[in-house]
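A.B. asks: One structure coming up, written as structure tokens, with questions to follow.
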Amino acid sequence: MYPKLKFKISCKKDVQAFFGFVKDAEYDSGRNLEWAIFKLYPIFKKYKKDGSFNVSKKIVSDFVKNKYSQNATIIKKRLKLYKDNWKRVEKDYYHLVNQLIPLSYWPKGKYIAYPTIWGMFPKYLEDKTFLVPFQYKNEQYINTIIAHEMLHFIFYNYFFKKYPKYKNEKYDFFVWHISEIFNGLVQNSPQWLKVFKTKSINYPEHNKIIKQLKNKYYKKEIWDTDKIIKDIIAKLF
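Residue 1 is where the sequence shown starts when you use my numbering, and the numbers rise one by one after that.
Next up, the structure:
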């Protein structure tokens, strides 16, 4: 049985996301912080001094609450639109996923999409929740984002059951690469684009491997997920 996605509003989740980007800066040289926060809200750059970034939770919480208050009507309206649009492709989506990974691999979780004011849309594997932009110039792309994050949830569950040795903190970044490359390859395939119409935006460092593998897989009607994973791992090493 596949999960039913819910759509909810939470300022607290957006505050959590902010500090997640701050934490990520330890590993990505501040790339996500730049893309998600500074690019949209340069006001936060004043808290970046001497190579460090320090801002209180209260300041961030007040900022988020203010933005949500200013955009309350549009957030509610867009979230309803996202929910309705997702319902239109939901059945086709789970059919596509089932061709790659049996639906029995869907893990238990909350499965909630929350709107965000930030410029990136993180997922939370622990409780199976994720963020979507509260407004986006291409509304059709929201379904692509939802499909992307949901695919991560079932992929990680499948991957760790098939390859338990990688279920260790030291492999977190490595598995992240595998999952993102898998998603990029799958979501930009002809089969998936028939349903979602818009291509998934990949991380720049993954484009080369995706381009190499699409030449191998895009002409095939049936894909072997385990072979794809092995090919990705071989390209990463």
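Here a beta-carbon is modelled for each residue, glycine too, at the ideal position from N, C-alpha and C.
If I measure Cβ to Cβ from Ala-17 and keep anything under 7 angstroms in the same chain, skipping five residues before and after, which residues do I get?
C.D. replies: Counting from 1 along the sequence shown, the entry for residue 17 is found at position 17. Contacts found: Thr-116, Trp-118, Pro-122, Leu-131.
A.B. asks: Helix, strand or coil: which one does DSSP assign to Val-55?
C.D. replies: By one-based count along the sequence shown, residue 55 stands at place 55. In the structure shown, Val-55 sits in coil (DSSP, three-state: anything other than H, G, I, E or B).
A.B. asks: Which value, in whole angstroms, describes the spacing of the CA atoms of Phe-173 and Trp-35?
C.D. replies: If you number the sequence shown from 1, residue 173 lands on position 173. If you number the sequence shown from 1, residue 35 lands on position 35. Those two C-alpha atoms are separated by around 19 angstroms.
A.B. asks: Hey, does Lys-230 have any beta-carbon neighbour from chain D nearer than 9 angstroms?
C.D. replies: In the structure shown, chain D cannot be found, because there is only a single protein chain.
A.B. asks: Restricting to runs no shorter than 3 residues, where is the beta strand (DSSP E) found entirely within the stretch 96-125?
C.D. replies: You should have 112-116.
A.B. asks: Going straight from the alpha carbon of Ile-222 to that of Asn-71, what length do you get?
C.D. replies: Mapped onto the sequence shown, residue 222 falls at position 222. Mapped onto the sequence shown, residue 71 falls at position 71. Cα to Cα, Ile-222 sits roughly 45 angstroms from Asn-71.
A.B. asks: Given this structure, state the Cα-to-Cα distance separating Ser-104 from Asn-168, to the nearest angstrom.
C.D. replies: Here residue 104 is taken as the residue at index 104 of the sequence shown, counted from 1. Here residue 168 is taken as the residue at index 168 of the sequence shown, counted from 1. Roughly 23 angstroms between the two C-alpha positions.
A.B. asks: For Thr-287, which three-state DSSP category applies?
C.D. replies: Lying before the first or after the last residue shown, residue 287 is absent from the chain, which here runs from 1 to 237.
A.B. asks: Pop quiz: Leu-5 and Trp-86 are said to be a contact at Cβ under 8 angstroms. What is the actual Cβ separation, rounded to whole angstroms?
C.D. replies: The sequence position of residue 5 within the sequence shown is 5, counting from 1. The sequence position of residue 86 within the sequence shown is 86, counting from 1. With a Cβ gap of about 6 angstroms, Leu-5 and Trp-86 count as contacting.
A.B. asks: Using DSSP's beta-bridge definition, name the partner residues of Phe-7.
C.D. replies: The residue labelled residue 7 in the question sits at position 7 within the sequence shown. For Phe-7, which the question treats as bridged, DSSP gives the partners Ala-113.
A.B. asks: Does the Cβ of Thr-251 have 16 or more other Cβ atoms within 10 Å, making it buried, or fewer, making it exposed?
C.D. replies: Nothing about residue 251 can be reported from this structure: the residues present for the chain run from 1 to 237 only.
A.B. asks: Can you give the Cα-Cα distance for Lys-110 and Thr-129, rounded to whole angstroms?
C.D. replies: Counting from one through the sequence shown, the residue named residue 110 turns up at place 110. Counting from one through the sequence shown, the residue named residue 129 turns up at place 129. If I take the Cα positions, the gap works out to 6 angstroms.
A.B. asks: Between the stretch 81-100 and the stretch 28-44, can you find at least three pairs of beta-carbon atoms closer than 8 angstroms?
C.D. replies: Too few Cβ pairs lie closer than 8 angstroms, so no.
A.B. asks: Count the other CB atoms, across all protein chains shown, that sit within 10 Å of the CB of Tyr-158; report buried if there are 16 or more and exposed otherwise.
C.D. replies: Against the sequence shown, residue 158 aligns to sequence position 158. Tyr-158 is buried by the Cβ-count criterion.
A.B. asks: Using alpha carbons as the reference points, say which of Ala-234, Ile-233, Asn-138, Pro-3 lies closest to Ile-112.
C.D. replies: Position 112 of the sequence shown holds residue 112. For Ile-112, the nearest C-alpha among the options comes from Pro-3.
A.B. asks: If you draw a straight line from the C-alpha of Ser-52 to the C-alpha of Tyr-41, how long is it?
C.D. replies: Residue 52 sits at position 52 when you count from the first residue of the sequence shown. Residue 41 sits at position 41 when you count from the first residue of the sequence shown. Spanning the two alpha carbons is a distance of roughly 17 angstroms.
A.B. asks: Tell me which residues share the same chain as Val-60 and place their Cβ nearer than 6 angstroms to its Cβ, disregarding the 5 neighbours each side in the sequence.
C.D. replies: Within the sequence shown, the letter at position 60 stands for residue 60. Once the five neighbours on either side are set aside, the close Cβ partners of Val-60 are Val-15, Phe-18.
A.B. asks: For Tyr-203, count neighbouring C-beta atoms within 10 Å of its own C-beta (all shown protein chains included) and say buried if the count is 16 or more, exposed if not.
C.D. replies: Counted from its first residue, the sequence shown places residue 203 at position 203. The residue in question, Tyr-203, is exposed, as its Cβ has fewer than 16 Cβ neighbours within 10 Å.
A.B. asks: Measure the beta-carbon distance from Thr-225 to Leu-100 and round it to whole angstroms, keeping in mind my assumption that it falls under 8 angstroms.
C.D. replies: Locating residue 225 in the sequence shown gives position 225, counting from the first residue. Locating residue 100 in the sequence shown gives position 100, counting from the first residue. That pair is a contact at about 5 angstroms.
A.B. asks: Could you pull the DSSP bridge partners for Lys-49 from this structure?
C.D. replies: The sequence position of residue 49 within the sequence shown is 49, counting from 1. BP columns for Lys-49 point to Ser-52.
A.B. asks: Spatial neighbours of Tyr-218 within its chain, please: C-beta separation below 8 angstroms, excluding the five flanking residues on both sides.
C.D. replies: In the sequence shown, residue 218 corresponds to position 218, counting from 1. If we look at Tyr-218 and ignore the five residues flanking it on each side, its Cβ neighbours are Ser-189, Pro-190.
A.B. asks: Where do the N-terminal and C-terminal ends of the alpha helix (DSSP H) with Ile-209 fall, by residue?
C.D. replies: Taking the sequence shown and counting its residues from 1, the one referred to as residue 209 is at position 209. Here the alpha helix (DSSP H) through Ile-209 covers 207-217.
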